[in-house]
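Let me begin by presenting the structure, written as structure tokens, before commenting on it.
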Amino acid sequence: MKIITTPEAMRAWSEAQRRHPDIRIGFAPTMGALHEGHLCLVRAAVHENDVAVASIFVNPTQFAPNEDFDEYPRPFDDDLAKLEAEKVEVVYAPTAADMYSEGYATYVTVEGVSNGLCGASRPHFFRGVATVVSKLFNAVKPHRAYFGQKDAQQCAVIERMVRDLDMGIEIVTLPTVREPDGLAMSSRNKYLNAEDREKALCLSKALFHAETLLRNGERNPDVLISVVRDMMQDVTIDYVELVDSATMAPVDTVAGPVTLAAAIVLPTARLIDNVRFDPGAQQT
Ligand code: PAF
């Protein structure tokens, strides 16, 4: 497994691969602190492509000054061992100085889809994500890139960006990976103390309950949202919304694919989760 640390060296490696017309590059971008959710993305990148790259970069531009950039876990050697075991060809791990050099001034803003949900409480976030993902794509030059459904709005932002900027990269979204009790896997789960870990369970439980109602025919967003809110009375709710899965705009009824998304703020961590529902795909 090669470790590449500069955009120039990464691009040179990818350009050499792309000289072979049959070779497909799969890419799993991460901020490290890898858990099973990341490893599912990495495995798909390895198995569905000829060569696979995973990146590890804790991106400063997607953290606000009051957020957890400094505390964000960075178990680099453990992460490398996990990626080696998955048979990734290249780990791309640039430094912040290489990614954002002196005088850095260019940002990618994806309008509309970035505005609600997490974008409302973290207004800097999707600009940072879209910018860094564009830069990673420019260096890695993947044919396919893999993201997790847990970050549903991030997936929608990246899909929109790839289409709008003609990037020609296939975006693959894989299902959320959960702990046995339902909690969605996240690098930030490490922050939870025992009390908050217990309280956090209401998030997935409430969403699963609403998903069952959706499957059973409930189509009223107000009903679905209040069911979720009622089941999360012991925690601080950032948002609960029913949105169109592609645009992330709130819906009045469930006519196409929708995402029921929620965020809660516990004393030790802010957590997000969601369920998707497509009435057109429902078995009769
Ligand atoms: O989902 C993440 O881990 C990050 O937001 C990403 C896509 C690697 C960009 O920093």
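Quick note on numbering: the sequence shown equals residues 19 to 302 in the working numbering.
Ideal Cβ positions, reconstructed from N, Cα and C, are used throughout, including at glycine.
Treat the numbers as computed from the prediction; the structure is a model and nothing was measured.
Item	Value
Our contact map puts E26 next to L135 with C-beta atoms below 8 Å; I'd like the distance itself, whole angstroms only.	In fact, because the Cβ distance is near 36 Å, the residues do not count as touching under 8 Å.
Under 8 Å, Cβ to Cβ, is there at least one residue of chain C near T149?	Here chain C cannot be found, since the structure has a single protein chain.
I282 and L221 look like a contact to me (Cβ under 8 Å); what is the Cβ gap, rounded to whole Å?	5 Å
Here's the rule: buried if 16 or more other CB atoms are within 10 angstroms of the residue's CB, otherwise exposed. What is T302?	Confidence in T302 is poor, its pLDDT being 46 and thus under 50, which makes the residue's placement unreliable; the coordinate value appears in the next sentence. The residue in question, T302, is exposed, as its Cβ has fewer than 16 Cβ neighbours within 10 Å.
Is M49 near the ligand PAF, with its Cβ less than 7 Å from a heavy atom?	yes
What are the boundary residues of the beta strand (DSSP E) that I255 is part of?	254 to 262
For A114 and F75, what's the separation of their Cα atoms in angstroms?	8 Å
Just checking V150 against the ligand PAF - is the residue's beta carbon closer than 7 Å to any of the ligand's heavy atoms?	yes
Indicate, with yes or no, if the ligand PAF has a heavy atom lying under 7 Å from the CB of N292.	no
Less than 7 Å between C-beta atoms, sequence neighbours within five positions excluded: which residues of the same chain meet that for E104?	L57, V60, R61, V64
Taking the DSSP output, what are the residues bridged to K165?	It should be noted that the sequence gives Phe, not Lys, for residue 165. BP columns for F165 point to T191.
How about H142 and A82: do their beta carbons lie closer than 8 Å?	yes
With burial defined as no fewer than 16 other Cβ atoms inside 10 Å of the residue's Cβ, what is the status of G121: buried or exposed?	exposed
How far does the alpha helix (DSSP H) with T17 in it reach, from first residue to last?	No information on residue 17 is available, as it lies outside the stretch 19 to 302 that the chain covers here.
What are the start and end residues of the alpha helix (DSSP H) that includes S152?	143 to 158
S73 and L154 look like a contact to me (Cβ under 8 Å); what is the Cβ gap, rounded to whole Å?	6 Å
In chain order, what residues of the same chain have a beta carbon less than 6 Å from the beta carbon of V128, not counting five sequence neighbours either side?	A148, V175, R178, M179
Measuring only the C-alpha atoms, how far is G298 from N207?	34 Å
Write down every uninterrupted run of the alpha helix (DSSP H) in the segment 37 to 72 whose length is 4 residues or greater and which is fully enclosed by it, in chain order.	54 to 65
Rank E188, D252, A123 by C-alpha distance to the C-alpha of N14 and give the top, closest one.	Coverage of the chain is limited to positions 19 through 302, which leaves residue 14 absent and any answer about it impossible.
Using a 10 Å radius around the Cβ and a threshold of 16 neighbouring Cβ atoms, would you call P47 buried or exposed?	buried
Exposed or buried, T23, counting other C-beta atoms within 10 Å across all chains shown (16 or more means buried)?	exposed
So what does DSSP say about N238, is it helix, strand or coil?	coil
In whole angstroms, what is the alpha-carbon distance linking A279 and C173?	13 Å
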